[in-house]
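One structure is given here, and the rest of the page talks about it.
In the working numbering, the protein residues as written are 431 to 565.
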């Protein structure tokens with residue numbers, strides 16, 4: 431067996447529309463069709479050959495039960511499950527996040543291997559990392 435590529439991550443979310451708005455407006459992902467056979471709320475988004483599949487909770491409060499969130503010190507250092515996206519310009523990414531009122535919760539800081547990284551959260555508290563290779 432050989433893994434060919436990373437394809438997607440699936441996230442259980444409280445409000446599909448709110449999360450979809452975040453991933454489209456803030457992360458500039460594109461919403462794509464998902465199979466019509468799915469009988470539960472959700473949305474699929476894509477960017478740079480990677481997808482985020484949002485799954486709407488079937489029972490109110492279930493997303494918060496399964497992902498109660500992280501402490502601020504954990505978020506600041508990326509000490510938790512997170513999604514990482516390489517960006518071309520970290521300063522521009524910071525400006526973009528600030529323009530969308532998304533607080534930066536950690537960094538930017540050097541990772542120690544030539545990468546500058548920073549962290550913020552999506553509407554359900556999932557940690558998102560932006561990073562750039564330093565020149």
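Virtual Cβ for every residue (Gly too), placed ideally from N, Cα, C. Computed from a predicted structure; not experimentally measured.
Meets three-Cβ-pair contact criterion under 8 Å: the region 480-493 and the region 432-442: yes
Cβ-Cβ separation, residue 548 to residue 555 (assumed contact under 8 Å), whole Å: The pair is not a contact, with the Cβ atoms about 17 Å apart (cut-off 8 Å).
Pick from 465, 509, 525, 553 that is closest to residue 444, judged by C-alpha positions: 553
Proximity of residue 459 and residue 442 at Cβ, strictly below 8 Å: no
Per DSSP, cross-strand counterpart(s) of residue 477: 480
Any non-hydrogen atom of the ligand FMN closer than 7 Å to residue 472 Cβ: The model depicted lacks the ligand FMN and carries no ligand whatsoever.
Close-in-space but distant-in-sequence residues of the same chain around residue 492 (CB under 8 Å, 5 per side omitted): 442
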